[in-house]
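Engineer: Dumping the structure here so I can ask a few things about it.
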Ligand SMILES: [Zn+2]
């Protein structure tokens with residue numbers, strides 16, 4: 077059954093903010109090899125799409141309450157911070173943006189072609205969503221939408237560490253773990269991003285970015301340990317490899 081035909085694409089637009097441990101050309105090659113579709117590589121989304129007033133719109137998507145979707149006019153100071161993040165590539169941790177609002181702003185900046193094809197932005201910003209069945213915001217690694225988003229800080233802050241880690245004293249925390257969780261300046265970021273980009277691609281292909289099989293890199297990891305096991309070491313499971321094969325052949329026929 078060619079269920080992906082509903083959302084076909086022939087090209088991928090990949091926006092990436094500069095990051096030490098990500099080789100953008102390798103990433104482009106990886107996706108092109110997996111999909112047999114050309115990838116157009118771009119810089120950071122908000123840098124490339126900058127227009128007067130964009131910083132104010134982005135600041136307006138800041139999460140204000142952990143348990144409610146309420147927004148307010150940003151303060152001049154907050155707008156200035158956004159301007160510096162865009163213009164100077166400043167990295168600021170601790171700000172969470174509402175994923176729905178942020179991608180809505182991004183959608184308005186897409187060209188017709190970018191809307192029609194698969195467009196994904198890799199960002200250092202932290203995004204969260206408050207879903208209908210949840211009582212507070214959760215930090216997300218990916219947002220499957222148009223455009224899709226992969227958040228680098230989300231990889232670090234989204235999937236949780238074991239409870240003992242949070243209960244341990246400062247300086248003792250790492251000792252509670254039998255694995256190395258992802259950190260912000262992590263050399264393993266490249267393979268993690270590869271897996272998460274594939275999740276956005278599968279969302280476009282079959283409507284579901286996730287797989288329930290462990291060791292498939294589409295596994296929806298909620299814990300850091302699962303990220304290490306599935307998104308760093310994982311490959312696609314047989315079923316998802318087959319889906320990609322069909323997608324590649326579809327182009328030929
Ligand atoms: Zn799978």
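Numbering (the working numbering), first residue to last: 77 to 329.
Built from N, CA and C at the ideal position, the CB exists for glycine as well.
From a predicted model like this one, the values you see are computed outputs, not experimental measurements.
1) Who are the near neighbours of residue 81 in its chain, counting only those whose CB is closer than 6 Å to its CB and skipping five residues on each side?
2) When you compare only the Cα positions, how much space is there between residue 277 and residue 308?
3) Return no unless some Cβ of chain B is closer than 9 Å to the Cβ of residue 321.
4) Is the beta carbon of residue 294 less than 9 Å from the beta carbon of residue 226?
5) Quick check: the Cα distance between residue 86 and residue 216, rounded to an integer number of angstroms?
6) Is it true that the CB of residue 251 sits closer than 9 Å to the CB of residue 299?
7) Please indicate yes or no: does the CB of residue 264 lie closer than 8 Å to some heavy atom of ligand 1?
8) Can you grab the Cα-Cα spacing for the pair residue 210 / residue 146, in whole Å?
9) Which residues bound the alpha helix (DSSP H) around residue 183?
10) What separation, rounded to the nearest whole angstrom, lies between the Cα atoms of residue 133 and residue 249?
11) By DSSP's criteria, residue 116 is part of a beta bridge. Which residues make up the other side?
12) Could you name each continuous beta strand (DSSP E) segment of 3 residues or more that falls completely within the stretch 214-246, going from the start of the chain to the end?
13) Listed by chain order, which residues have C-beta atoms less than 7 Å from any heavy atom of ligand 1?
Structural biologist: Walking through what the data contain:
1) Here residue 81 scores only 47 on pLDDT, less than 50, and its place in the model should not be relied on; the value that follows carries that caveat. Within the same chain, no residue comes within 6 Å of residue 81 by CB-CB distance, once the 5 residues on both sides are set aside.
2) About 17 Å.
3) The structure shown has no chain B; it contains just one protein chain.
4) Contact: no.
5) Cα-Cα distance, rounded: 27 Å.
6) Judged by beta-carbon spacing, residue 251 lies beyond the 9 Å limit of residue 299, meaning their Cβ atoms are not closer than that value.
7) The beta carbon of residue 264 sits no closer than 8 Å to any heavy atom of ligand 1.
8) Spanning the two alpha carbons is a distance of roughly 15 Å.
9) In the DSSP assignment, residue 183 falls within the alpha helix (DSSP H) that extends over 175-184.
10) C-alpha of residue 133 to C-alpha of residue 249: approximately 38 Å in a straight line.
11) DSSP, once it has assigned bridges, lists 89 as partnering residue 116.
12) Counting whole runs of 3 or more residues, the stretch 214-246 contains the beta strand (DSSP E) stretches 214-216, 224-227.
13) Spelled out in chain order, the answer is 287, 289, 292, 294, 312, 313, 315, 316.
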